[in-house]
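Here the structure is laid out as structure tokens; the discussion comes afterwards.
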Amino acid sequence: MKRKPVPNAALFSEVRQLLAGGCNVTILARGNSMFPFIRDGLDKVQLSAVRSPDGAVCSFSTGDILLCEIESGHYVLHRLVRNENGILTLMGDGNLRGTEKCTAGNVVARAVAIIRPDGTTVSCSGHTEMQRARIWHRLLPFRRILLALWRRLHLNPL
């Protein structure tokens, strides 16, 4: 299958329309900010709407992977690490310290599954996956070393 790059503005405009129509959307992951849970160019991410048909925004839990438009045209798919007074703090699993802040109104979708190249599907809200994410978050001081080892040794993701 031939791949053709699509500008983010066009891609996410279409994603928004499909989600608003009640469809789940699957996109190919790009970037390393969610490594080792989501791998650049290998894994696909299935996204689900976060708004009910009447437009109300669903609630979010720490550990959710959210697609957010942080500023006009700038999208991130990162994990929710804190929700204080309606301000969401996001951080990529592969990030060492950088975070983004937004509100629930900036959330475009929630990741519900990660699809590996072999077709294996990992539920983003499954007990095991959420436990791994909690442990990974606690290992933040050691991420630099762990990520370097993973990349050097080409180990499978968590």
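According to the working numbering, the residues represented by the sequence shown are 1119 to 1276, in order. Ideal Cβ positions, reconstructed from N, Cα and C, are used throughout, including at glycine.
Write down the C-beta distance between residue i and residue j rounded to the nearest angstrom, noting that I regard them as a contact closer than 8 angstroms.
i	j	result
asparagine 1279	serine 1177	Outside the shown range of the chain, which is 1119 to 1276, sits residue 1279, and nothing can be said about it.
threonine 1217	leucine 1206	About 10 angstroms separates the two Cβ atoms, so there is no contact after all.
cysteine 1186	valine 1175	Actually they are not in contact, since the Cβ atoms of cysteine 1186 and valine 1175 sit about 12 angstroms apart, beyond 8 angstroms.
cysteine 1242	valine 1226	Going by Cβ atoms, the distance from cysteine 1242 to valine 1226 rounds to 15 angstroms, so no, they are not a contact pair.
aspartate 1158	glycine 1149	6 angstroms
Which residues does DSSP pair with residue i in a beta bridge?
i	result
isoleucine 1145	Val1163
threonine 1194	The amino acid occupying residue 1194 in the given sequence is valine; threonine does not appear at that position. Answer is Cys1186.
threonine 1180	Threonine 1180 pairs with nothing; no bridge assigned.
leucine 1208	Leu1198, Glu1218
Between residue i and residue j, what straight-line distance do the alpha-carbon atoms span, to the nearest angstrom?
i	j	result
glycine 1181	asparagine 1213	15 angstroms
arginine 1234	methionine 1248	17 angstroms
glycine 1223	phenylalanine 1155	25 angstroms
isoleucine 1183	leucine 1271	26 angstroms
isoleucine 1263	arginine 1250	17 angstroms
arginine 1169	leucine 1136	12 angstroms
serine 1131	isoleucine 1232	21 angstroms
leucine 1146	valine 1124	11 angstroms
glycine 1191	arginine 1121	22 angstroms
histidine 1245	isoleucine 1188	28 angstroms
leucine 1258	arginine 1200	15 angstroms
glycine 1210	leucine 1198	9 angstroms
glycine 1237	phenylalanine 1153	18 angstroms
asparagine 1203	histidine 1196	19 angstroms
When DSSP labels each residue in this structure, what does residue i get in the three-state scheme?
i	result
methionine 1152	coil
asparagine 1213	coil
valine 1175	strand
asparagine 1201	strand
valine 1168	coil
arginine 1134	helix
Locate the alpha helix (DSSP H) running through residue i, then write down its first and last residues.
i	result
threonine 1246	1245–1256
arginine 1270	1261–1271
Hey, quick one: how far does the beta strand (DSSP E) through residue i stretch, first residue to last?
i	result
serine 1190	Neither: serine 1190 is in no beta strand (DSSP E) and is coded neither H nor E.
valine 1124	Taken as a continuous stretch (DSSP letters only), valine 1124 belongs to no beta strand (DSSP E), as it is neither H nor E.
alanine 1231	1225–1233
threonine 1238	Taken as a continuous stretch (DSSP letters only), threonine 1238 belongs to no beta strand (DSSP E), as it is neither H nor E.
threonine 1221	1218–1221
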